[in-house]
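For the sequence shown, the positions run 1 to 179 when this note's numbering is used. Where a beta carbon is used, it is the ideal one built from N, C-alpha and C, also for glycine.
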Amino acid sequence: MSATRDLLIPVTGIVEVRDNHALVRTSGYAAGPDDVYVSTAQLKQYGLRPGCLMTGVAREAGNGKRHRPLARVDTVDGMDPQEARRRPEFYKLTPLYPQERLRLETEAHILTTRVIDLVMPIGKGQRALIVSPPKAGKTMVLQAIANAITRNNPECHLMVVLVDERPEEVTDMQRSVKG
């Protein structure tokens, strides 16, 4: 074995499972030149699943190989690999319905969140969908809800996902919401 083949390179990335192997995507979810090959045996050994964030080390790619092979896994989703193996499958988990209410009313002159509190109270863990035609004000409603949650419930970790929104709307949301 050559000296370059024994060189270990630190790796951090997201696991993408294929038919008979997996790849660790090192540059987000997109394919890249530094992706690492993971064998089926390693998938089973370390309990790796699609979407896991893992750290470890890889060897240099051999002659004619496209990807570096994974040598060792250090962490899976921030846990020891043996501990991560014991996690339940996401689809087997029981959903919990909201038990704790999120108060959205902040100031007397902001009616949007007050009306939501009265007509459709929202709880922690709740999912909701706002559907409306363009320019109807749904971004303003989302901003009011997000700002009310961060103001009234500082223990909450707020994440806003905007699907198929115009870039101006996304920029406006980033500037006006802490989250």
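{"query": "Taking the CB atoms as reference points, tell me whether residue 104 and residue 148 lie closer together than 9 Å.", "result": "yes"}
{"query": "When DSSP labels each residue in this structure, what does residue 144 get in the three-state scheme?", "result": "helix"}
{"query": "Below 8 Å on the Cβ atoms is my guess for residue 36 versus residue 23; work out the distance and round it to an integer in Å.", "result": "7 Å"}
{"query": "Figure out for me which residue from 78, 60, 146 has the closest Cα to the Cα of residue 180.", "result": "One cannot answer for residue 180 here, as it falls past the ends of the chain, which runs 1 to 179."}
{"query": "How about residue 26 and residue 19: do their beta carbons lie closer than 9 Å?", "result": "no"}
{"query": "Just to confirm my understanding: we take residue 140, look at its own chain, exclude 5 residues before and 5 after, and list those with CB closer than 8 Å. What are they?", "result": "112"}
{"query": "Between the alpha carbons of residue 181 and residue 6, how many angstroms are there, rounded?", "result": "Residue numbering for the chain in the displayed model covers 1 to 179; residue 181 lies beyond these limits and cannot be assessed."}
{"query": "What did DSSP end up calling residue 120 once you bin it into helix, strand or coil?", "result": "coil"}
{"query": "Taking the continuous beta strand (DSSP E) assigned at residue 69, which residues delimit it?", "result": "68-76"}
{"query": "Please classify residue 54 as buried or exposed, where buried requires at least 16 other C-beta atoms within 10 Å of its C-beta.", "result": "buried"}
{"query": "At what residues does the alpha helix (DSSP H) containing residue 43 begin and finish?", "result": "40-46"}
{"query": "DSSP state of residue 58, grouped into three classes?", "result": "strand"}
{"query": "Measuring CB to CB, does residue 163 end up less than 9 Å from residue 70?", "result": "no"}
{"query": "According to DSSP, is residue 150 helix, strand or coil?", "result": "helix"}
{"query": "Taking Cβ to Cβ, would you say residue 130 is nearer than 9 Å to residue 101?", "result": "no"}
{"query": "Where does residue 171 fall in DSSP's three states?", "result": "helix"}
{"query": "Here's a check: name, in chain order, each residue in its chain whose Cβ is nearer than 6 Å to the Cβ of residue 72, leaving out the five neighbours to either side.", "result": "56, 57"}
{"query": "Closest to residue 172 by C-alpha separation, out of 138, 152, 97, 99, would be which residue?", "result": "138"}
{"query": "Going by Cα to Cα distance, which pick from 44, 15, 42, 45 is closest to residue 32?", "result": "15"}
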